[in-house]
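Here the structure comes first, spelled out in structure tokens, and everything after it is commentary.
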Amino acid sequence: MILIRHLYTERYMTPLNIYLEHATDEEIKDAMDEYGNCIKQLAAANIFPGDMPLKNFGVTRHGRVVFYDYDEITTLTECNFRKIPSPKTEYEEMKAGTWYTVEPMDVFPEEFKLFFSGNAKARKMFEEIHGELYSVDFWKDLQNQIESGFVLDVFPYRRAKRFNRSENSEFELYTG
């Protein structure tokens, strides 16, 4: 007799950065759509991934993108989304480091582009589909909705697999 007290299973996923190295243009576009949807779905649940490089996301055998690095998650409403301030002097502009102060909960969405280092094609496709994620206003609007008690609809399956409905929720854009 075999007795199993605890059993943990894990789905096999390919890290997103590795998946993109061998993907076709269509697969890259689908993966970038899924990557953005994954970030938006986490955000709708008041979760900010914190660290969003492509290597922290995986692609399932069904082509879904899943976040799997929970080291730096935080509550979205605790984040302070800011725009990087323009340098005030030539010295600030030429300075090696940052010329502005950064607090622990500060997030600069325009820096998210750095997560695509080395993959210009994926970045371009991502920007076409989910460019609003680089905007401070997107994140602040979402924070306001969450803080006001508005619950966004999150669907675990793609639009094409859903029942046809006459009215779409405001959140339909967040799912693939």
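Numbered continuously in our numbering, the sequence shown closes out at residue 168. Ideal Cβ placement from N, Cα and C applies to all residues, glycine included. From a predicted model like this one, the values you see are computed outputs, not experimental measurements.
- DSSP places F59 inside the beta strand (DSSP E), whose first and last residues are 57 to 59.
- In the displayed model, I39 falls within a strand according to three-state DSSP.
- Remark: C-beta atoms of M5 and G50 approach each other more closely than 8 Å.
- Bridge pairing for G50: P7, V58 [DSSP].
- In the structure shown, T81 adopts coil according to DSSP, grouped into three states.
- With fewer than 16 other Cβ atoms from the protein chains shown falling within 10 Å of its own Cβ, V94 counts as exposed.
- The alpha carbon of S109 has as its nearest neighbour, out of R3, D25, M44, the alpha carbon of M44.
- The count of Cβ pairs closer than 8 Å, one atom from the region 15 to 29 and one from the region 64 to 80, stays below three, leaving the stretches out of contact.
- Counting C-beta atoms within 10 angstroms of its own C-beta, V57 has 16 or more neighbours from the protein chains shown and is therefore classed as buried.
- Taking all protein chains shown into account, N9 has 16 or more neighbouring C-beta atoms within 10 Å of its C-beta and is therefore buried.
- Across the set H14, E102, E84, the C-alpha of E102 shows the shortest separation from the C-alpha of V128.
- If you compare the alpha carbons of V99, H54, A88, K21 with that of L125, the shortest gap goes to V99.
- A distance below 7 Å between beta-carbons, with the five flanking residues on each side excluded, links F59 to the following residues of its chain, in chain order: C30, L34, P41, N48, F49.
- One Cα belongs to F73, the other to L106, and the distance between them is close to 17 Å.
- Counting only residues of its own chain and dropping the five nearest sequence neighbours on each side, G55 has a CB closer than 8 Å to the CB of E19, D22, A23, E26.
- Contact check for L12 against N111 passes: the beta carbons are separated by less than 8 Å.
- Of the residues assessed, A15 falls on the buried side of the cut-off, its CB having 16 or more other CB atoms within 10 angstroms.
- Counting every other CB atom within 10 Å of its CB across the protein chains shown gives M97 a total below 16, marking it as exposed.
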